[in-house]
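Chains A and B, in that order, are what the protein sequence lines are.
Okay, so the first sequence: first residue is 849 according to the working numbering, each after it adds one.
Okay, so the second sequence: first residue is 849 according to the working numbering, each after it adds one.
Where is the CB? At the ideal position from N, CA and C, for every residue including glycine.
Working notes for the structure below.
Number of protein chains: 2
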Amino acid sequence: MLPKALSDAIDALGMLPGVGPRTAERYGYYLFKANPKIAEGIAETLSNLHSGVKSCPVTFALIDADEEMSPLYTDPSRDKSTILVVEEPLDIYAIEATKGFKGVYHVLGGALSPIDGITPEQLHIRELTERLERDNVREVIIATNPSVEGESTALLLEKILHESKPTLKITRLARGLPLGVDLSYADQITLSAALENRTSL
Amino acid sequence: MLPKALSDAIDALGMLPGVGPRTAERYGYYLFKANPKIAEGIAETLSNLHSGVKSCPVTFALIDADEEMSPLYTDPSRDKSTILVVEEPLDIYAIEATKGFKGVYHVLGGALSPIDGITPEQLHIRELTERLERDNVREVIIATNPSVEGESTALLLEKILHESKPTLKITRLARGLPLGVDLSYADQITLSAALENRTSL
């Protein structure tokens, strides 16, 4: 019933996360009625989305296709002797948003998951151990996700890092209550961690 | 901070209606992490969105670029002697969704609006009057929007149609209470219309 070009666009927009048929229709109608430049702008940026981004060869952070290394690594004001390890590249931007970290990053490229077939060899662990001596690293902060996969990845990393450089300080992000969560809704593991790691006032 | 290709995509997605910076970021991150085919699909359909659609030369409904006339007009099972007049092409799909209309459509291409510089000459009124004799039209249903612009357009249309073909039956969509709206929240004009056009049980 709708012209094919419009119904195709609505179907494609329905692939966005959390967008149902009604919202996709709203987006499609809007883009059709609005200045064609808006639809063209989205089309152009999305077709460049993957080709315009690559991985930093040292930190595996996302960089522009024409960059050599992550500016978060080459920036001389950042402390190369402290590495914060994350699972995915986008995790870096969550940490950066806190403006509280002035070290450098290392992206593992995932977390251990036997079910999904992700083994230690597929993660950028070797590249991390290579940085330990080269950059005279003193501390590695493990910031994997608080999930089963993230936990087992953290345990494995701790073992490998300790074997590679026994003098290395290895830390993890604190566990505790997040802002705004009612005590009665917190899960047991979080609450146990919050109790164990209690801070003095 | 973010790779340019990703932040450009997020900016462009933020132009969608009702999409703020957080949602645009969510869409952008999702499309970046998901199968590149999804982003490519949206890109391709949106770049074809306007070029793949044109106007039917008779009804001004939207048609595929390779069609000659609207299938809603050429369909022999539809009654060409009853024309429902709407402001915008997408209004047709709202009427079609009711499955209650078996006549044909005519799109004005807007409503009278002196502020926006929309005069009667810019609307497809002449093309509508030409259809009256050619298709032996008996009834025109005016379905402009219930707004100031829609109202004045309807009054003008009524005058022109009556002058063109005095025997023509000219009707309008009923005014009344919409489903689910509390009586105390209904505006005065709607309530007056609902009272005036009350139906017997």
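Whole-number beta carbon distance between residue j and residue i, since they are thought to touch under 8 Å
i, j, result
"B/I990", "B/I1018", "7 Å"
"A/T1001", "A/A1034", "Not quite, the Cβ-Cβ distance comes to about 24 Å (not below 8 Å), so this is no contact."
"B/L897", "A/F880", "6 Å"
"B/S1012", "B/L971", "No, B/S1012 and B/L971 are not in contact; Cβ-Cβ is about 15 Å, not under 8 Å."
"A/G900", "B/P851", "7 Å"
"A/P865", "B/R874", "6 Å"
"B/R986", "B/T930", "7 Å"
"B/R1023", "B/A1042", "7 Å"
"A/L956", "A/E969", "Going by Cβ atoms, the distance from A/L956 to A/E969 rounds to 12 Å, so no, they are not a contact pair."
"A/L932", "A/G951", "6 Å"
Bridge partners - residue i, DSSP secondary structure assignment
i, result
"B/H954", "B/V933"
"A/K902", "A/I911"
"B/I990", "B/V933, B/R1020"
"A/S961", "A/I966"
"B/D923", "Its beta-bridge partners do not exist; DSSP assigns none."
CB contact check: residue i to chain B, cutoff 8 Å
i, result
"A/K852", "yes"
"A/G889", "yes"
"A/A860", "yes"
"A/M849", "yes"
Beta-carbon neighbours of residue i, restricted to chain E and to distances below 7 Å
i, result
"B/P884", "As a matter of chain content, chain E is missing from the structure shown, whose protein chains are A and B."
is_contact[residue i, chain A] using C-beta, thresh 8 Å
i, result
"B/F1051", "Because chain B here runs from 849 to 1049, residue 1051 of chain B falls outside it and cannot be looked at."
"B/D983", "no"
"B/I943", "no"
"B/Y921", "no"
"B/I973", "no"
"B/L1027", "no"
"B/D927", "no"
"B/L910", "yes"
"B/A857", "yes"
To be precise: take each residue of the segment 893 to 906 of chain A, compare its Cβ to all Cβ atoms of chain B, and keep it if any distance is under 8 Å. Which residues remain? Taking 8 Å as the Cβ-Cβ cut-off against chain B, the residues of the segment 893 to 906 of chain A that qualify are T893, L894, S895, N896, L897, H898, S899, G900, V901.
Which residues, in order along the segment 934 to 967 of chain B, keep a beta-carbon less than 7 Å from a beta-carbon of chain A? Within the segment 934 to 967 of chain B, the residues whose Cβ lies closer than 7 Å to some Cβ of chain A are L938, Y941, E944, listed in chain order.
According to a CB-to-CB cut-off of less than 7 Å, which residues of the segment 864 to 876 of chain A neighbour chain B? Taking a C-beta cut-off of 7 Å against chain B, the contacting residues of the segment 864 to 876 of chain A are L864, P865, R874, Y875, listed in chain order.
Starting from the N-terminal side, write out each stretch of the alpha helix (DSSP H) that is 4 residues or longer and does not extend beyond the segment 996 to 1043 of chain B. The qualifying runs are 996 to 1012.
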